[in-house]
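In the numbering used here, the protein residues as written are 467 to 721.
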(Lines of atoms letter the chains of each structure in order from A and count residues from 1; the text may use other names and numbers.)
(Lines give C-alpha, C1' and ligand atoms only; values in the text may rest on other atoms or scores of the structure.)
Protein backbone atom coordinates (compact mmCIF):
# COMPACT_ATOMS: atom_id res chain seq x y z
CA UNK A 1 0.00 0.00 0.00
CA UNK A 2 2.78 2.41 0.93
CA UNK A 3 4.49 1.74 -2.40
CA UNK A 4 1.43 2.72 -4.40
CA UNK A 5 0.91 5.82 -2.30
CA UNK A 6 4.48 6.84 -3.13
CA UNK A 7 3.81 6.21 -6.84
CA UNK A 8 0.65 8.35 -6.71
CA UNK A 9 2.49 11.12 -4.86
CA UNK A 10 5.32 11.14 -7.42
CA UNK A 11 2.84 11.35 -10.32
CA UNK A 12 0.99 14.24 -8.67
CA UNK A 13 4.21 16.13 -7.97
CA UNK A 14 5.40 15.60 -11.55
CA UNK A 15 2.12 16.88 -13.02
CA UNK A 16 2.00 20.05 -10.90
CA UNK A 17 5.65 20.95 -11.38
CA UNK A 18 5.76 20.10 -15.10
CA UNK A 19 2.86 22.46 -15.82
CA UNK A 20 5.20 25.39 -15.06
CA UNK A 21 8.33 23.97 -16.72
CA UNK A 22 9.77 22.40 -13.56
CA UNK A 23 10.61 18.75 -13.02
CA UNK A 24 9.78 18.31 -9.34
CA UNK A 25 13.03 17.50 -7.53
CA UNK A 26 12.10 19.46 -4.41
CA UNK A 27 8.74 17.71 -4.36
CA UNK A 28 10.27 14.26 -4.85
CA UNK A 29 12.76 14.93 -2.06
CA UNK A 30 9.96 15.96 0.30
CA UNK A 31 7.79 12.96 -0.62
CA UNK A 32 10.59 10.41 -0.36
CA UNK A 33 11.65 11.88 2.99
CA UNK A 34 8.10 11.50 4.30
CA UNK A 35 8.06 7.87 3.14
CA UNK A 36 11.30 7.16 5.00
CA UNK A 37 13.73 6.54 2.14
CA UNK A 38 17.44 6.73 2.94
CA UNK A 39 19.07 10.16 2.35
CA UNK A 40 21.78 8.67 0.11
CA UNK A 41 19.03 7.26 -2.13
CA UNK A 42 16.82 10.35 -2.23
CA UNK A 43 19.15 12.83 -3.97
CA UNK A 44 20.15 10.71 -7.01
CA UNK A 45 16.64 9.29 -7.35
CA UNK A 46 15.19 12.81 -7.46
CA UNK A 47 17.69 13.76 -10.17
CA UNK A 48 16.87 10.68 -12.28
CA UNK A 49 13.14 11.46 -12.06
CA UNK A 50 14.02 15.06 -12.90
CA UNK A 51 15.70 13.94 -16.12
CA UNK A 52 12.59 11.99 -17.14
CA UNK A 53 10.13 14.82 -16.46
CA UNK A 54 12.37 17.62 -17.77
CA UNK A 55 12.91 15.75 -21.04
CA UNK A 56 9.17 15.46 -21.58
CA UNK A 57 8.59 19.07 -20.55
CA UNK A 58 11.33 20.39 -22.85
CA UNK A 59 9.81 18.58 -25.82
CA UNK A 60 6.26 19.76 -25.05
CA UNK A 61 7.14 23.43 -24.59
CA UNK A 62 9.42 23.37 -27.66
CA UNK A 63 6.63 21.82 -29.74
CA UNK A 64 4.39 24.68 -28.68
CA UNK A 65 7.00 27.17 -29.96
CA UNK A 66 8.00 28.65 -26.60
CA UNK A 67 11.70 27.69 -26.53
CA UNK A 68 14.21 30.54 -27.03
CA UNK A 69 17.76 29.26 -27.51
CA UNK A 70 19.22 32.78 -27.19
CA UNK A 71 17.98 32.85 -23.61
CA UNK A 72 18.77 29.22 -22.83
CA UNK A 73 22.29 28.75 -24.25
CA UNK A 74 24.19 31.32 -22.11
CA UNK A 75 22.44 30.03 -18.99
CA UNK A 76 23.19 26.39 -19.81
CA UNK A 77 26.79 26.99 -20.89
CA UNK A 78 27.63 28.32 -17.43
CA UNK A 79 25.30 26.11 -15.39
CA UNK A 80 26.45 22.69 -16.64
CA UNK A 81 30.06 22.83 -15.37
CA UNK A 82 28.93 24.64 -12.22
CA UNK A 83 26.27 21.97 -11.50
CA UNK A 84 28.85 19.24 -12.02
CA UNK A 85 31.12 20.93 -9.46
CA UNK A 86 28.19 21.31 -7.08
CA UNK A 87 27.30 17.65 -7.48
CA UNK A 88 30.89 16.71 -6.63
CA UNK A 89 30.98 18.86 -3.47
CA UNK A 90 29.39 18.05 -0.12
CA UNK A 91 27.96 20.97 1.86
CA UNK A 92 26.27 21.21 5.27
CA UNK A 93 22.81 22.32 4.24
CA UNK A 94 20.86 23.30 7.39
CA UNK A 95 21.61 27.05 7.34
CA UNK A 96 21.54 27.18 3.55
CA UNK A 97 18.10 25.57 3.40
CA UNK A 98 16.76 28.05 5.95
CA UNK A 99 17.85 30.99 3.79
CA UNK A 100 16.62 29.22 0.67
CA UNK A 101 13.20 28.66 2.21
CA UNK A 102 12.81 32.34 3.07
CA UNK A 103 13.90 33.47 -0.41
CA UNK A 104 11.61 31.03 -2.19
CA UNK A 105 8.73 31.99 0.09
CA UNK A 106 9.22 35.66 -0.77
CA UNK A 107 9.35 34.81 -4.49
CA UNK A 108 6.14 32.76 -4.19
CA UNK A 109 4.28 35.63 -2.52
CA UNK A 110 5.53 38.14 -5.08
CA UNK A 111 4.67 36.02 -8.12
CA UNK A 112 1.27 35.09 -6.69
CA UNK A 113 0.44 38.71 -5.89
CA UNK A 114 1.45 39.82 -9.39
CA UNK A 115 -0.71 37.09 -10.92
CA UNK A 116 -3.77 38.04 -8.87
CA UNK A 117 -3.19 41.74 -9.49
CA UNK A 118 -2.72 41.47 -13.23
CA UNK A 119 -5.92 39.54 -13.95
CA UNK A 120 -4.55 38.64 -17.36
CA UNK A 121 -6.26 35.25 -17.66
CA UNK A 122 -5.74 34.86 -21.37
CA UNK A 123 -5.41 31.52 -23.07
CA UNK A 124 -3.94 32.83 -26.30
CA UNK A 125 -1.08 35.25 -26.87
CA UNK A 126 0.49 37.22 -24.07
CA UNK A 127 2.18 40.63 -24.13
CA UNK A 128 5.95 40.70 -24.20
CA UNK A 129 7.30 41.96 -20.87
CA UNK A 130 9.63 44.95 -20.66
CA UNK A 131 12.90 43.21 -19.83
CA UNK A 132 15.09 44.34 -16.95
CA UNK A 133 18.12 42.63 -18.46
CA UNK A 134 20.79 44.94 -19.95
CA UNK A 135 20.05 46.08 -23.50
CA UNK A 136 23.70 45.86 -24.54
CA UNK A 137 24.33 42.41 -26.04
CA UNK A 138 27.60 41.76 -24.19
CA UNK A 139 26.22 42.94 -20.85
CA UNK A 140 23.12 40.78 -21.35
CA UNK A 141 25.32 37.78 -22.17
CA UNK A 142 27.45 38.38 -19.07
CA UNK A 143 24.35 38.67 -16.88
CA UNK A 144 22.88 35.41 -18.20
CA UNK A 145 26.20 33.58 -17.82
CA UNK A 146 26.49 34.81 -14.24
CA UNK A 147 22.94 33.72 -13.43
CA UNK A 148 23.50 30.33 -15.04
CA UNK A 149 26.72 29.69 -13.15
CA UNK A 150 25.30 30.67 -9.75
CA UNK A 151 22.10 28.68 -10.20
CA UNK A 152 24.00 25.68 -11.54
CA UNK A 153 26.33 25.56 -8.55
CA UNK A 154 23.47 25.82 -6.04
CA UNK A 155 21.50 23.18 -7.93
CA UNK A 156 24.36 20.70 -7.90
CA UNK A 157 25.02 21.29 -4.20
CA UNK A 158 21.51 20.40 -3.04
CA UNK A 159 20.58 17.90 -5.76
CA UNK A 160 17.89 19.70 -7.76
CA UNK A 161 17.61 20.86 -11.36
CA UNK A 162 17.54 24.57 -10.56
CA UNK A 163 14.10 25.57 -11.75
CA UNK A 164 13.09 26.86 -8.31
CA UNK A 165 16.01 29.32 -8.51
CA UNK A 166 15.92 30.18 -12.21
CA UNK A 167 12.19 30.77 -12.68
CA UNK A 168 11.74 33.51 -10.06
CA UNK A 169 14.95 35.22 -11.21
CA UNK A 170 13.81 35.31 -14.84
CA UNK A 171 10.35 36.47 -13.80
CA UNK A 172 11.72 39.31 -11.67
CA UNK A 173 14.04 40.29 -14.53
CA UNK A 174 11.16 40.01 -17.03
CA UNK A 175 13.55 38.10 -19.24
CA UNK A 176 10.81 36.66 -21.47
CA UNK A 177 7.14 35.72 -21.60
CA UNK A 178 5.83 33.34 -18.97
CA UNK A 179 5.73 30.29 -21.27
CA UNK A 180 9.19 31.01 -22.65
CA UNK A 181 10.49 31.13 -19.09
CA UNK A 182 8.79 27.78 -18.42
CA UNK A 183 10.35 26.30 -21.57
CA UNK A 184 13.78 27.65 -20.60
CA UNK A 185 13.45 26.26 -17.09
CA UNK A 186 12.52 22.79 -18.38
CA UNK A 187 15.58 22.56 -20.64
CA UNK A 188 17.80 24.11 -17.97
CA UNK A 189 16.64 21.55 -15.41
CA UNK A 190 17.37 18.72 -17.84
CA UNK A 191 21.00 19.66 -18.48
CA UNK A 192 21.61 20.56 -14.82
CA UNK A 193 20.20 17.27 -13.58
CA UNK A 194 22.44 15.34 -15.97
CA UNK A 195 25.44 17.42 -14.88
CA UNK A 196 24.62 16.89 -11.20
CA UNK A 197 24.41 13.13 -11.72
CA UNK A 198 27.72 13.19 -13.58
CA UNK A 199 29.35 15.13 -10.74
CA UNK A 200 28.13 12.57 -8.24
CA UNK A 201 29.52 9.72 -10.32
CA UNK A 202 32.90 11.46 -10.59
CA UNK A 203 32.90 11.83 -6.80
CA UNK A 204 32.47 8.05 -6.54
CA UNK A 205 28.84 8.01 -5.43
CA UNK A 206 26.52 5.31 -6.72
CA UNK A 207 23.32 6.26 -8.54
CA UNK A 208 20.56 3.84 -7.51
CA UNK A 209 18.02 3.61 -10.30
CA UNK A 210 14.40 4.21 -9.22
CA UNK A 211 11.86 1.45 -9.78
CA UNK A 212 10.04 1.34 -13.10
CA UNK A 213 6.78 2.21 -11.35
CA UNK A 214 8.27 5.52 -10.12
CA UNK A 215 9.71 6.31 -13.55
CA UNK A 216 6.37 5.56 -15.21
CA UNK A 217 4.50 7.68 -12.65
CA UNK A 218 6.86 10.62 -13.17
CA UNK A 219 6.63 10.28 -16.96
CA UNK A 220 2.83 10.18 -16.96
CA UNK A 221 2.53 13.09 -14.56
CA UNK A 222 5.13 15.06 -16.51
CA UNK A 223 3.35 14.46 -19.82
CA UNK A 224 -0.01 15.60 -18.44
CA UNK A 225 1.36 18.64 -16.64
CA UNK A 226 3.63 19.90 -19.42
CA UNK A 227 0.86 19.53 -22.02
CA UNK A 228 -1.46 21.64 -19.89
CA UNK A 229 1.23 24.27 -19.30
CA UNK A 230 2.39 24.47 -22.92
CA UNK A 231 -0.98 24.37 -24.67
CA UNK A 232 -3.95 24.78 -22.34
CA UNK A 233 -3.52 26.82 -19.18
CA UNK A 234 -4.05 30.62 -19.19
CA UNK A 235 -1.12 32.82 -18.22
CA UNK A 236 -2.54 33.80 -14.84
CA UNK A 237 -3.08 30.13 -13.96
CA UNK A 238 0.54 29.35 -14.84
CA UNK A 239 1.75 32.21 -12.61
CA UNK A 240 -0.39 30.98 -9.72
CA UNK A 241 0.90 27.43 -10.21
CA UNK A 242 4.46 28.77 -10.23
CA UNK A 243 3.76 30.55 -6.94
CA UNK A 244 2.34 27.31 -5.52
CA UNK A 245 5.37 25.29 -6.62
CA UNK A 246 7.76 27.82 -5.08
CA UNK A 247 5.73 27.88 -1.85
CA UNK A 248 5.95 24.07 -1.69
CA UNK A 249 9.71 24.24 -2.21
CA UNK A 250 9.96 26.93 0.48
CA UNK A 251 8.00 24.82 2.95
CA UNK A 252 10.19 21.80 2.20
CA UNK A 253 13.33 23.83 2.95
CA UNK A 254 12.01 25.36 6.17
CA UNK A 255 10.37 22.28 7.70
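C-beta: ideal position from N, C-alpha, C; glycine also.
Only residues of its own chain outside the window of five on either side were considered, and among them 554 have a CB closer than 7 Å to the CB of residue 668, listed in chain order. The C-beta of residue 608 has fewer than 16 other C-beta atoms within 10 Å across all chains shown, which makes the residue exposed.
Secondary structure note for residue 654: its alpha helix (DSSP H) is the uninterrupted segment 644-668. The beta carbon of residue 573 lies closer than 6 Å to those of 634, 712 in the same chain, with the five residues before and after it left out. In the three-state DSSP reduction, residue 519 falls in the helix class (H, G or I). Cβ atoms of residue 515 and residue 487 stay farther apart than 8 Å, at about 16 Å. In the structure shown, residue 599 falls within a coil segment according to DSSP collapsed to helix, strand and coil. A distance below 6 Å between beta-carbons, with the five flanking residues on each side excluded, links residue 532 to the following residues of its chain, in chain order: 645, 646, 649. Proximity of the segment 467-482 to the segment 682-689 meets the contact definition, three or more beta-carbon pairs being nearer than 8 Å.
Ranked by Cα distance from residue 566, the options 626, 614, 597 are led by 626. Taking C-alpha positions only, residue 691 is separated from residue 560 by approximately 31 Å. Taking 9 Å as the cut-off, the beta carbon of residue 677 is found no closer than this to the beta carbon of residue 513. For residue 641, the secondary structure class from DSSP, reduced to helix, strand or coil, is coil. Look at residue 631 here: in three-state DSSP terms it is helix.
Relative to the Cα of residue 612, the nearest Cα in the group 697, 475, 543, 705 belongs to 543. Setting aside the 5 residues that flank it on each side, residue 570 is surrounded in the same chain by 630, 634, 712, 713, 715, 716, 719, each with a C-beta closer than 8 Å to its C-beta; the list follows chain order. Close CB contacts of residue 704 within its chain, under the 8 Å cut and outside five residues either way in sequence, are with 485, 486, 644, 645, 648, 695 (chain order).
Distance from residue 552 to residue 614 at the Cβ level is roughly 13 Å; contact not present, criterion being Cβ atoms closer than 8 Å. The beta carbon of residue 606 sits closer than 7 Å to the beta carbons of 599, 600 from its chain, once the five residues preceding and following it are set aside; these are given in chain order.
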